[in-house]
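K.L.:
Just so we're aligned, residue 1 is where the sequence shown starts under the working numbering, counting upward by one. Cβ atoms here follow ideal geometry from the backbone N, Cα and C, with glycine treated the same way.
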Amino acid sequence: MELTSVQNRLTSLPFKQLLGRSDVIASLGLVSILMIMIIPLPSIVLDLFLSMNITIALLILVVSLYTVKAIDFSIFPSILLTTTLFRLSLNVASTRLILLHGDEGSGAAGTVIQSFGQFVVGGNYVVGIVIFSILVLINFMVITKGAGRVAEVAARFTLDAMPGKQMAIDADLNAGLIDENEARRRREEISKEANFHGAMDGASKFVKGDAIAAIIITLINIGAGFVIGVVQKGMPMAEAAANYTILTVGDGLVGQIPALIISTSAGLLVTRSTGEKDFGTDLKNQFSRNGVAIWVVSAILMIFAFIPGLPFFPFLILSFAMAALAYQVDKTKRTREEMIEEKKEDKVVSKEENYEEMLNVDLLQLEVGYGLIPFVDSAQDGELLHRIQSIRKQFAMNTGFIVPPVHIKDNLQLSPNQYTFSLKGIKIAEAEMLPGHFMAMDPGTVTETIKGIATEEPAFGLPAIWISEDKKDRAQIAGYTVVDCTTVMATHISEIIKQHSHE
Numbered sequence: 001m002e003l004t005s006v007q008n009r010l011t012s013l014p015f016k017q018l019l020g021r022s023d024v025i026a027s028l029g030l031v032s033i034l035m036i037m038i039i040p041l042p043s044i045v046l047d048l049f050l051s052m053n054i055t056i057a058l059l060i061l062v063v064s065l066y067t068v069k070a071i072d073f074s075i076f077p078s079i080l081l082t083t084t085l086f087r088l089s090l091n092v093a094s095t096r097l098i099l100l101h102g103d104e105g106s107g108a109a110g111t112v113i114q115s116f117g118q119f120v121v122g123g124n125y126v127v128g129i130v131i132f133s134i135l136v137l138i139n140f141m142v143i144t145k146g147a148g149r150v151a152e153v154a155a156r157f158t159l160d161a162m163p164g165k166q167m168a169i170d171a172d173l174n175a176g177l178i179d180e181n182e183a184r185r186r187r188e189e190i191s192k193e194a195n196f197h198g199a200m201d202g203a204s205k206f207v208k209g210d211a212i213a214a215i216i217i218t219l220i221n222i223g224a225g226f227v228i229g230v231v232q233k234g235m236p237m238a239e240a241a242a243n244y245t246i247l248t249v250g251d252g253l254v255g256q257i258p259a260l261i262i263s264t265s266a267g268l269l270v271t272r273s274t275g276e277k278d279f280g281t282d283l284k285n286q287f288s289r290n291g292v293a294i295w296v297v298s299a300i301l302m303i304f305a306f307i308p309g310l311p312f313f314p315f316l317i318l319s320f321a322m323a324a325l326a327y328q329v330d331k332t333k334r335t336r337e338e339m340i341e342e343k344k345e346d347k348v349v350s351k352e353e354n355y356e357e358m359l360n361v362d363l364l365q366l367e368v369g370y371g372l373i374p375f376v377d378s379a380q381d382g383e384l385l386h387r388i389q390s391i392r393k394q395f396a397m398n399t400g401f402i403v404p405p406v407h408i409k410d411n412l413q414l415s416p417n418q419y420t421f422s423l424k425g426i427k428i429a430e431a432e433m434l435p436g437h438f439m440a441m442d443p444g445t446v447t448e449t450i451k452g453i454a455t456e457e458p459a460f461g462l463p464a465i466w467i468s469e470d471k472k473d474r475a476q477i478a479g480y481t482v483v484d485c486t487t488v489m490a491t492h493i494s495e496i497i498k499q500h501s502h503e
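(1) Taking its Cβ as the centre, do 16 or more other Cβ atoms sit within 10 Å of F438, making it buried, or is it exposed?
(2) Helix, strand or coil for T566? Go by DSSP, reduced to three states.
(3) Take the Cβ of F313 as the centre, count every other Cβ of all protein chains shown within 10 Å, and call the residue buried at 16 or more, exposed below.
(4) Considering Cα atoms alone, identify which of Y480, N411, E430 is closest to P443.
(5) Can you tell which of I222, S494, D410, D473 has the C-alpha that lies nearest to the C-alpha of V403?
(6) Which of the three DSSP states, helix, strand or coil, is assigned to K427?
(7) With a cut-off of 8 angstroms on the beta carbons, I'd call N417 and L434 a contact; round off their distance for me.
(8) Closer than 8 angstroms is the cut-off here; do at least three beta carbon pairs connect the region 79-91 with the region 32-42?
(9) With DSSP collapsed to three states, give me the class of S288.
(10) Hey, N139 and A259: beta-carbon distance below 8 angstroms or not?
(11) Please report the Cβ distance between T455 and F375, rounded to the nearest whole angstrom; I am assuming they are in contact, meaning their Cβ atoms lie under 8 angstroms.
(12) Taking only three categories from DSSP, how would you classify V136?
(13) How should V24 be labelled, buried or exposed, when 16 other C-beta atoms within 10 angstroms of its C-beta is the threshold for buried?
(14) Check whether the Cβ atoms of L580 and S265 sit closer than 8 angstroms, and answer yes or no.
(15) T455 lies in the beta strand (DSSP E); which residues open and close that run?
(16) Given a cut-off of 8 angstroms on the beta-carbon distance, is the pair L269 and S78 in contact?
(17) Counting contacts by CB-CB distance shorter than 8 angstroms, is G146 in contact with chain B?
(18) When we look at the beta-carbon of E352 and count the other beta-carbons within 10 Å, is it buried (16 or more) or exposed?
(19) What does I373 pair with, by DSSP beta-bridge criteria?
(20) By DSSP, does I408 sit in helix, in strand, or in coil?
(21) Starting from the C-beta of K208, find all residues in its chain whose C-beta is less than 7 angstroms away, skip the five residues before and the five after it, and write them out in chain order.
(22) When you compare the CB positions of I391 and I496, do they come within less than 8 angstroms of one another, or not?
(23) Judging by CA-CA distance, which residue of E341, Y419, V406, F395 is the nearest neighbour of D371?
(24) Just how far apart, CA to CA, sit K331 and Q286?
(25) Does the structure place the region 319-328 close enough to the region 278-295 that three or more beta carbon pairs sit under 8 angstroms?
(26) Starting from V153, trace the alpha helix (DSSP H) in both directions and tell me its first and last residue.
(27) Taking Cβ to Cβ, would you say K409 is nearer than 8 angstroms to E367?
(28) According to DSSP, which residues form a beta bridge with V368?
(29) Under the rule that 16 or more other beta-carbon atoms within 10 Å means buried, what is S43, buried or exposed?
(30) Run through DSSP, which three-state label would H437 get?
(31) Alpha carbon to alpha carbon, how far is T399 from E357? Give it in angstroms, no decimals.
(32) What are the boundary residues of the beta strand (DSSP E) that S501 is part of?
(33) So A70 and F157 are supposed to be a Cβ contact under 8 angstroms. How far apart are they, rounded?
(34) Count the CB pairs spanning the region 51-59 and the region 250-259 that are closer than 8 angstroms, and state whether there are at least three.
(35) Can you tell me whether DSSP reads E341 as helix, strand or coil?
(36) For V349, count neighbouring C-beta atoms within 10 Å of its own C-beta (all shown protein chains included) and say buried if the count is 16 or more, exposed if not.
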């Protein structure tokens with residue numbers, strides 16, 4: 001009963017809640033990394049942490065391969081710092097074990113380091129040093145340097161492109177193409193992208209420093225181990241050099257292989273500039289676009305196979321493999337093209353049968369002559385489009401009826417200053433404007449007659465005159481109601497909508 005009670009307490013709700021708190025686990029993990037540097041670890045515990053280091057590196061690599069956009073893995077710079085600190089703390093812990101117990105044999109620092117020192121490099125410390133040096137150079141001079149440069153350029157270009165992206169979002173929002181929530185989401189995405197590339201630019205320096213630290217730690221371990229083995233442990237020089245060098249090289253390989261994997265992950269992330277899908281899918285799609293290139297490679301490999309001095313079977317096998325791949329690519333491409341043709345035929349048939357869609361017309365339509373285009377073109381400071389939007393909004397607020405959008409287009413068959421308004425494709429109103437002039441109407445209180453071009457106000461059929469701009473102030477003083485062409489057209493459209501709202 002007592003044992004059951006203890007088990008129940010361990011599996012109680014507070015304990016489960018603690019395990020479910022990712023923030024608490026992350027904090028404990030960071031504290032544990034720091035404690036590894038201070039507290040001496042048994043070799044079995046060090047083996048566990050070294051295996052965990054390799055596991056984390058592989059996990060990061062696979063996640064990077066399946067990441068479509070870099071900002072989808074935005075926590076990567078922080079992970080890069082954490083894993084670098086974890087590796088350095090393991091270097092400190094392994095160095096402590098190697099220097100204190102290196103005289104006990106190749107298993108003094110644990111099974112993982114022993115395996116890398118014995119199996120991977122065959123127990124030859126010279127081979128181990130060469131392999132370790134090559135891995136460090138690949139990581140430091142190639143992958144890290146390239147990824148750092150790409151991150152630096154990406155950060156710079158991302159920051160330079162931010163104003164243009166913000167303006168594009170504002171333009172889409174003002175045009176009604178997106179709503180406020182979508183605009184806010186896009187702005188946040190731009191901010192995250194800039195922050196990510198800026199963080200990656202700095203985080204790449206962690207990996208560079210880690211590679212330098214690995215070289216220094218290795219040299220210190222070999223030198224200090226040799227001195228400790230000979231002076232303090234009384235070992236022969238050759239034995240001390242071989243023993244401590246193999247352990248140190250094994251330790252270096254255990255640290256550098258995960259570092260190389262994570263550096264590769266960083267390079268994959270920062271170079272995913274135009275990815276539409278994950279890395280593997282993009283690789284397959286882009287390599288399989290043209291089978292001719294693969295056929296050419298197959299032919300070249302076949303030629304290599306018959307060149308004297310070159311290995312026959314490897315090039316022959318690879319040539320057949322490339323030929324099979326090229327055949328499969330061409331077959332897939334033909335199948336895809338046939339499917340596209342079938343879809344096109346289906347679309348043609350559906351269009352022929354869908355008479356209702358073919359006869360579909362805009363519910364409300366405003367056609368203008370080319371002389372009135374400046375009134376409806378916002379790029380030329382035309383206000384009519386905004387006036388129509390206000391009319392629709394006001395009509396909806398007053399009546400609860402939402403007016404359909406008014407489709408505006410130019411019509412070269414109309415006279416330059418003429419416009420027509422259609423409902424369901426049927427013209428229900430038309431009028432002519434006189435650009436550059438104002439319409440003046442007599443409300444019955446005019447004190448002075450102003451000369452102008454006689455016309456009729458289109459909305460209510462009132463007599464009116466067109467006057468030039470220099471007569472505008474004089475006409476207003478004389479008692480005329482003076483309005484511009486945009487107001488005349490907007491008033492006319494408003495009255496048309498009211499009169500035909502039942503339709």
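P.N.:
On the basis of the data shown:
(1) Reading the sequence shown from its first residue, position 438 is the one you call residue 438. Answer is buried; the Cβ neighbour count reaches 16.
(2) The requested residue 566 is not part of the displayed model; the chain covers only 1 to 503.
(3) Along the sequence shown, one-based indexing puts residue 313 at 313. Its Cβ having fewer than 16 others within 10 Å, F313 is exposed.
(4) Position 443 of the sequence shown holds residue 443. Cα-wise, what sits closest to P443 is Y480.
(5) Residue 403 sits at position 403 when you count from the first residue of the sequence shown. The option with the nearest alpha carbon to V403 is S494.
(6) By one-based count along the sequence shown, residue 427 stands at place 427. Three-state result, K427: strand.
(7) As a working note, residue 417 is residue 417 in the sequence shown. As a working note, residue 434 is residue 434 in the sequence shown. That pair is a contact at about 6 angstroms.
(8) yes
(9) Position 288 of the sequence shown, counting from 1, holds the residue named residue 288. Judged by DSSP in its simplified three-state form, S288 adopts coil rather than helix or strand.
(10) Counting from 1 along the sequence shown, the entry for residue 139 is found at position 139. Counting from 1 along the sequence shown, the entry for residue 259 is found at position 259. Yes. Within cutoff.
(11) Indexing the sequence shown from 1 puts residue 455 at position 455. Indexing the sequence shown from 1 puts residue 375 at position 375. About 17 angstroms; that fails the 8 angstroms criterion.
(12) In the sequence shown, residue 136 corresponds to position 136, counting from 1. Note: V136 maps to helix in three-state DSSP.
(13) Here residue 24 corresponds to residue number 24 of the sequence shown, with the count starting at 1. Classification of V24: exposed, given that the 10 Å Cβ count is below 16.
(14) Any answer about residue 580 is impossible in this case: the structure gives the chain only from 1 up to 503.
(15) For the purposes of this step, residue 455 is identified with residue 455 of the sequence shown, where counting begins at 1. Here the beta strand (DSSP E) through T455 covers 453-456.
(16) Taking the first residue of the sequence shown as position 1, residue 269 is located at position 269. Taking the first residue of the sequence shown as position 1, residue 78 is located at position 78. Not a contact, by the Cβ cut-off of 8 angstroms.
(17) Structure shown: chain B not included; a single protein chain is present.
(18) One-based indexing of the sequence shown puts residue 352 at position 352. For E352, the predicted structure reports a pLDDT of 46, less than 50, and the residue's modelled location is therefore unreliable. The matter cannot be settled from this model.
(19) Counted from its first residue, the sequence shown places residue 373 at position 373. Partner(s): none; I373 has no beta bridge.
(20) On the sequence shown, residue 408 is found 408 positions in, with the first residue counted as 1. I408: strand per DSSP, three-state reduction.
(21) Here residue 208 corresponds to residue number 208 of the sequence shown, with the count starting at 1. Same-chain partners within the cutoff: F140, T144, G148.
(22) Position 391 of the sequence shown, counted from the start, is the residue given in the question as residue 391. Position 496 of the sequence shown, counted from the start, is the residue given in the question as residue 496. Against a cut-off of 8 angstroms, the Cβ pair of I496 and I391 comes out as no contact.
(23) To locate residue 371, count along the sequence shown from 1; it is residue 371. Here residue 371 is Gly; the residue named in the question, Asp, does not match the sequence. Nearest Cα to G371 within the set E341, Y419, V406, F395: Y419.
(24) Here residue 331 corresponds to residue number 331 of the sequence shown, with the count starting at 1. Here residue 286 corresponds to residue number 286 of the sequence shown, with the count starting at 1. Those two C-alpha atoms are separated by around 16 angstroms.
(25) yes
(26) Here the question's residue 153 lines up with position 153 in the sequence shown. First-last of the alpha helix (DSSP H) with V153: 145-174.
(27) Walking along the sequence shown from the start, residue 409 turns up at place 409. Walking along the sequence shown from the start, residue 367 turns up at place 367. Yes, they are a contact pair.
(28) For the purposes of this step, residue 368 is taken as the residue at position 368 of the sequence shown. Partner(s): D410, Y419.
(29) Along the sequence shown, read from residue 1 onward, the residue named residue 43 stands at position 43. Flag for S43 reads buried.
(30) Within the sequence shown, numbered from 1, the residue matching residue 437 stands at position 437. Three-state result, H437: strand.
(31) Against the sequence shown, residue 357 aligns to sequence position 357. Against the sequence shown, residue 399 aligns to sequence position 399. The pLDDT assigned to E357 is 44, lower than 50, so where the model puts this residue is not dependable; a value taken from the coordinates is nonetheless given after this. Cα-Cα distance, rounded: 30 angstroms.
(32) As a working note, residue 501 is residue 501 in the sequence shown. From DSSP, S501 is part of no beta strand (DSSP E); its letter is neither H nor E.
(33) Along the sequence shown, read from residue 1 onward, the residue named residue 70 stands at position 70. Along the sequence shown, read from residue 1 onward, the residue named residue 157 stands at position 157. Between F157 and A70 the Cβ distance is about 13 angstroms, and since that is not below 8 angstroms, they are no contact.
(34) With three or more CB-CB distances shorter than 8 angstroms, the region 51-59 counts as touching the region 250-259.
(35) Sequence index remark: in the sequence shown, residue 341 carries index 341 (1-based). Three-state DSSP puts E341 in a helix.
(36) By 1-based counting over the sequence shown, the position of residue 349 is 349. Because V349 carries a pLDDT of 48, less than 50, the predicted location of this residue cannot be relied on, and the following value inherits that uncertainty. Exposed, since its Cβ has fewer than 16 Cβ neighbours within 10 Å.
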